Amino acid sequence: MSILFDEIVFGPLHSRRYGHSLGINLLPLDNKVCNYNCIYCECGWTDLKKQKIRLTPFDQVKDAVEQRFAELNRCQTPVDHITFAGNGEPTMHPDFARVVDLVHTARSNYLPDAQTVVLSNGTLLSRPDVYEALTRVDKPTLKLDTVNEHYYRLINQPYHAKSIETYIKQLMQFGKHLFIQTMFLRGKVHAELIDNTQGKEVAAWLETLVQIQPQAVVIYSLDRETPLSGLGKISTSRLAEISGLVNAKGISCTYY
Ligand code: SF4
């Protein structure tokens, strides 16, 4: 069963990673919009026929943010993180950069202790407005599930031809301010068994992390039902092992 958020500003929800996390959903309230079709996406499969629909206008986002932030301030509700997530890829919103600035202003006025997070697949790093906006976020957290082109096509199923190598180069340019998040899983995709926790896969991913030098890495495995059936969750002990390998390279890594 897929999960869709039916509000622009939702929560705060309790998150193991982000504590009291207030979500910002810039995508439609009844439909997922993304340029990936990850086999594990909690929002379900991407429906390309529904990608052209109009995204929430900036003024509507502005009203929702200002109203909800003021309310949370009045009620003194704790908020640790303000997290851009929701029903798809947040950077696909044409006013993403303006919304980041709007959220930072509202944060200063109403929730000064909260840090901002953007959970993104990073595919629009090549757009200067998106790139610049991500540099202003406290925790720009970009996806890197594999560094293997074949696995990339199987796990993330991007709707573009840009290679994983090109993407990795962009991550390297972004540098120190960046957070990386990686989903580990195993299962059968198009009759092929995949497992991104295998030694060779992890070694190549680790080598790439050393080249990227992110501020921190977050790794996790499946938590909910996935659109592709038969995927396997990775044990906590294996995630702990992988996390230890990253820490040993001098890069902070946590697992969930
Ligand atoms: S990038 Fe995120 S929203 Fe898009 S398909 Fe993958 S998990 Fe879902």
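Numbering-wise (the numbering used here), the sequence shown opens with residue 7 and increments by one.
We put the CB at the ideal spot given by N, CA and C, even for glycine.
Just so we're clear, the structure is a prediction, and the values are computed from it rather than from any experiment.
| Asked | Found |
| --- | --- |
| Count Cβ pairs between the stretch 167-175 and the stretch 226-243 that sit closer than 8 Å; are there 3 or more? | no |
| With a Cβ-Cβ cutoff of 7 Å, do L177 and I218 count as a contact? | yes |
| Within 10 angstroms of the Cβ of G193, are there 16 or more other Cβ atoms? Answer buried if so, exposed if not. | buried |
| Could you give the C-beta distance for N37 and Q163, rounded to a whole number, given that I count them as a contact under 8 Å? | Wrong, their Cβ atoms sit about 18 Å apart, outside the cutoff. |
| Would you say the beta carbon of E95 comes nearer than 6 Å to a heavy atom of the ligand SF4? | yes |
| Going by Cα to Cα distance, which pick from Y165, L19 and P34 is closest to H87? | L19 |
| Between the beta-carbon of G25 and the beta-carbon of A91, is there less than 7 Å? | no |
| Look up I186 in the DSSP assignment and give the residues it is bridged to. | L148 and V223 |
| What residues are listed by DSSP as bridge partners for I88? | L28 and T122 |
| Spatial neighbours of I174 within its chain, please: C-beta separation below 8 Å, excluding the five flanking residues on both sides. | L150, V153, T214, Q217 and I218 |
| Are L245 and Y261 close, meaning C-beta to C-beta below 7 Å? | yes |
| Go ahead and label H156 buried or exposed: buried means 16 or more other beta carbons lie within 10 angstroms of its beta carbon, across all protein chains shown. | exposed |
| DSSP beta-bridge partners for C259? | V223 |
| Is Y42 near the ligand SF4, judged by its Cβ being under 6 Å from some heavy atom? | yes |
| Can you round the beta-carbon distance between V71 and V15 to whole angstroms, since I take them to be within the 8 Å contact cut? | 6 Å |
| Can C259 be considered in contact with the ligand GDP, in the sense that its beta carbon sits closer than 6 Å to one or more heavy atoms? | The ligand GDP is not part of the structure shown, which contains the ligand SF4 as its ligands. |
| Using a threshold of 7 Å, state whether the C-beta atoms of P220 and I186 are closer than that. | yes |
| To the nearest angstrom, report how far apart I9 and T242 are at their CA atoms. | 24 Å |
| By how many angstroms is the C-alpha of K55 removed from the C-alpha of T111? | 35 Å |
| Threshold first: 4 residues or longer. Then list the alpha helix (DSSP H) segments lying entirely within the stretch 152-216, N to C. | 155-161 and 170-180 |
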